[in-house]
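Residue numbers (the numbering used here): -13 to 246.
Quick look at the structure:
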């Protein structure tokens, strides 16, 4: 066979295999992470009443099975935070959720105190929204398999910023192609999600969440991670150097009514 024809067949065969693999790959979820900034106990009560009695039930009715609500383990009195994590099966579902909520009479009634709050009795001081897309290596969320009571659990939310967009793609590749995700799974980190940030205030960055039964459990897992032979080899590779310029690590506890 002509060498050119032979190489062409091989090339198009590879393209065909890649196309089939892509077509059969699970759809990657989109995530919305809302961060409420508030100052007073009254604001906190209003937000939580709204989430528990109106927002989350409405999302459940809209077909979203699991919604996460978390608070930092150590709150700063001058700027308290509350995190709401919502997964969507598609971009259209994410974009259509507000319209769906506005058509839900039960939601509008149950959330009236929050929705119709007066201008001088606002339920929060700032609302931050981050939009993310799941990694190919973990295209949807997982409810953690933990044995401790919710009040004792530690949820670790990490944001890795990169110096440029190219370095951010490189770090995402390290998780997926380099199989950093597989390492976390093998070591029992109980990940809720891994994701690329596609709209947020700290871009370019990625975010992910792992979970543990306690702070001591968390520390043991990370100690094992740092000593793991695969991690040492992966992190030493020349192609994965300098891809993180800043890391934020936030320790959270789930609310009693959180689905995660």
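We put the CB at the ideal spot given by N, CA and C, even for glycine.
- Straight through space, the alpha carbons of residue 211 and residue 172 are spaced by roughly 10 Å.
- In the three-state scheme derived from DSSP, where H, G and I count as helix and E and B as strand, residue 221 is classed as helix.
- Shown here, residue 188 sits in coil according to DSSP, grouped into three states, outside any helix or strand.
- Listed in chain order, the non-local C-beta contacts of residue 80 below 8 Å within the same chain comprise 16, 18, 74, 117, local neighbours out to five positions each way being set aside.
- Per DSSP, reduced to three states, the secondary structure at residue 107 is coil, with no helix or strand assignment.
- Exclusion of the five residues before and after residue 175 leaves 196, 207 as the residues of its chain whose Cβ lies within less than 7 Å of its Cβ.
- Assigned with DSSP and collapsed to three states, residue 139 falls in coil, not helix or strand.
- Within the DSSP secondary-structure output, residue 145 pairs in a beta bridge with 193, 234.
- Using a 10 angstroms sphere on the CB of residue 72, the tally of other CB atoms reaches 16 or more, which defines it as buried.
- Inclusion of residue 189 and residue 145 in the CB contact set at 7 Å is not warranted, their separation being larger than that value.
- For residue 157, the enclosing alpha helix (DSSP H) stretches over residues 151 to 162.
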